[in-house]
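2 protein chains.
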Amino acid sequence: MLCKGGLMPSTSIEMTSLSAAWAPVVRRPLEADQASAFAPMFKALGDPVRLRLLSMIASAGGGEVCVCDLTGSFKLTGPTISHHLKVLREAGLVDSDRRGTWVYYRLVPAALVLLTGLLDITSAAATN
Amino acid sequence: MLCKGGLMPSTSIEMTSLSAAWAPVVRRPLEADQASAFAPMFKALGDPVRLRLLSMIASAGGGEVCVCDLTGSFKLTGPTISHHLKVLREAGLVDSDRRGTWVYYRLVPAALVLLTGLLDITSAAATN
């Protein structure tokens, strides 16, 4: 089971609030500051384009994807794609590196572990 | 592991798009229609008040919560709380019944199973 607290994607400012203990939603109500820390991550996923981008980055064979390989799947401009990627990055869901001309994106697995831990319904009967 | 497709919370219109097969994001990119079906659920969770409301409903001992027991935890009006609960309900995350004066809310566990299945990073090595 996911431990409470302690898992903080490095790229998210809000995530510092999650250093305090939290529990899966089926076990205990979230405190206001905890909800404020988690909400931006869900909000970032609450857009179809960003959700597709995340899935393309997360399922990339080599562990990272060049932004040049992401844009072709959408009828959107480069700046629009870059904006959506920035939202994902600021939410701590992906990280990026610029190498030469291109920016490369990779998943922050700890962020998904955090979200699945929060929504895990199997932890209802666990001890606190 | 969560099976692909088939798990559809009864209250969400968008979720009908999820009758088509989908896979966890670490395994395969989402199709546009699949992303459009999942995104409203994440968007509903992308607000601190709604996330707190969901956690209060999900962790309720009796399996359901009267709206009268939810409003006291927020410095918000009744109609505002009701609006947030409506968003959660329309996203298929909670369901509700009116009994007498009050409306009672309960979690739709299948919705959380669906979201945790989508974000499950442990399924990366599973066969398709």
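Residue numbers (the working numbering), protein chains in the order written: chain W, 1 to 128; chain B, 1001 to 1128. Built from N, CA and C at the ideal position, the CB exists for glycine as well. Computed from a predicted structure; not experimentally measured.
* By the criterion of Cβ-Cβ separation under 8 Å, what are the contact partners of Ala21(W) in chain B? -> Taking the first residue of the first sequence as 1, we reach residue 21(W) at position 21. Neighbours of Ala21(W) on chain B: none; closest Cβ ~14 Å, over 8 Å.
* **Minimum length 3: unbroken beta strand (DSSP E) runs contained in the segment 26-89 of chain W** => Segments of the beta strand (DSSP E) lying fully in the segment 26-89 of chain W: there are none.
* With a cut-off of 7 Å, does the C-beta of Ser36(W) fall near any C-beta of chain B? -> Against the first sequence, residue 36(W) aligns to sequence position 36. Among the residues facing chain B, Ser36(W) is included, as its CB has a counterpart in that chain under 7 Å away.
* Asked: Can you name, in chain order, every residue of its own chain whose Cβ lies under 7 Å from the Cβ of Leu1051(B), other than the five neighbours on each side?
  -> Reading the second sequence from its first residue, position 51 is the one you call residue 1051(B). Hits under 7 Å: Leu1045.
* Is Arg106(W) close to chain B, meaning its C-beta is less than 7 Å from at least one C-beta of that chain? -> On the first sequence, residue 106(W) is found 106 positions in, with the first residue counted as 1. No, no contact with chain B.
* Asked: Under three-state DSSP, which class holds Leu1112(B)?
  -> Taking the first residue of the second sequence as position 1, residue 1112(B) is located at position 112. Note: Leu1112(B) maps to helix in three-state DSSP.
* Residues in the segment 1098-1122 of chain B having any Cβ partner in chain W nearer than 8 Å -> Only Leu1107, Pro1109, Leu1112, Val1113, Leu1115, Thr1116, Leu1119, Asp1120, Ile1121 from the segment 1098-1122 of chain B bring a Cβ to less than 8 Å from some Cβ of chain W.
* Taking a cut of 7 Å between CB atoms, which residues from the segment 82-93 of chain W lie near chain B? -> Here the close residues number zero.
* Unbroken beta strand (DSSP E) run spanning Asp1095(B), endpoints -> The sequence position of residue 1095(B) within the second sequence is 95, counting from 1. Note, Asp1095(B): beta strand (DSSP E), 1094-1099.
* Using 8 Å as the Cβ pair cut-off and three pairs as the minimum, do the segment 73-91 of chain W and the segment 1049-1069 of chain B touch? -> Contact fails: fewer than three Cβ-Cβ distances are below 8 Å.
* Does the Cβ of Asp1097(B) have 16 or more other Cβ atoms within 10 Å, making it buried, or fewer, making it exposed? -> Counting from 1 along the second sequence, the entry for residue 1097(B) is found at position 97. Classification of Asp1097(B): exposed, given that the 10 Å Cβ count is below 16.
* Closer than 8 Å by C-beta to Pro48(W): which residues in its own chain qualify, once you throw out the five before and the five after it? Chain order, please. => Reading the first sequence from its first residue, position 48 is the one you call residue 48(W). Result list for Pro48(W): empty, nothing under 8 Å.
* Asked: Is the beta carbon of Ile1057(B) sitting closer than 7 Å to the one on Tyr1104(B)?
  -> Taking the second sequence and counting its residues from 1, one reaches residue 1057(B) at position 57. Taking the second sequence and counting its residues from 1, one reaches residue 1104(B) at position 104. No, the Cβ-Cβ distance between Ile1057(B) and Tyr1104(B) is not below 7 Å.
* Asked: Pro1029(B) touches chain W at which residues, Cβ-Cβ below 7 Å?
  -> Numbered from 1 along the second sequence, position 29 holds the residue referred to as residue 1029(B). Here the neighbours are Arg52, Ser55, Met56, Ser59.
* Of the listed residues Leu1053(B), Ala1035(B), Gly1072(B), nearest to Val1087(B) (C-alpha basis) -> In the second sequence, residue 1087(B) corresponds to position 87, counting from 1. Taking only the C-alpha atoms, the option nearest Val1087(B) is Leu1053(B).
* Within 10 angstroms of its Cβ, does Leu85(W) collect 16 or more other Cβ (buried), or is it exposed? -> Here residue 85(W) refers to the residue found at position 85 of the first sequence. By the beta-carbon neighbour count (other beta carbons within 10 angstroms, threshold 16), Leu85(W) is buried.
* Asked: Less than 7 Å separating the beta-carbons of Met118(W) and Pro40(W)?
  -> Start at 1 with the first residue of the first sequence, and residue 118(W) comes out as number 118. Start at 1 with the first residue of the first sequence, and residue 40(W) comes out as number 40. The residue asked about is misnamed: residue 118(W) is Leu in this sequence, not Met. Taking a C-beta distance under 7 Å as the contact criterion, Leu118(W) and Pro40(W) do not qualify as a contact pair.
* Of all the options Ala35(W), Lys43(W), Leu30(W), which has the alpha carbon lying nearest to the alpha carbon of Arg89(W)? -> The residue given as residue 89(W) occupies position 89 in the first sequence. Taking only the C-alpha atoms, the option nearest Arg89(W) is Lys43(W).
* Endpoints, the beta strand (DSSP E) within which Trp1102(B) is located -> In the second sequence, residue 1102(B) corresponds to position 102, counting from 1. In this chain, the beta strand (DSSP E) harbouring Trp1102(B) covers 1102-1107.
* Quick one, which residues of the segment 1066-1080 of chain B are near chain W if we go by CB-CB under 7 Å, in chain order? -> So nothing in the stretch comes that close.
* To do: Taking C-beta pairs closer than 7 Å, name the residues in chain W that Asp1095(B) reaches, listed in chain order.
  => Numbered from 1 along the second sequence, position 95 holds the residue referred to as residue 1095(B). Ordered by position in chain W, no residue passes the 7 Å Cβ test against Asp1095(B), which lies about 15 Å from the chain.
* How would you list, in chain order, the residues of chain W whose beta-carbon sits under 7 Å from the beta-carbon of Gly1062(B)? -> Here residue 1062(B) refers to the residue found at position 62 of the second sequence. Simply none; closest approach about 13 Å.
* Gly1062(B) to Arg1028(B), Cα distance in whole Å? -> Walking along the second sequence from the start, residue 1062(B) turns up at place 62. Walking along the second sequence from the start, residue 1028(B) turns up at place 28. The alpha-carbon atoms of Gly1062(B) and Arg1028(B) are separated by roughly 38 Å.
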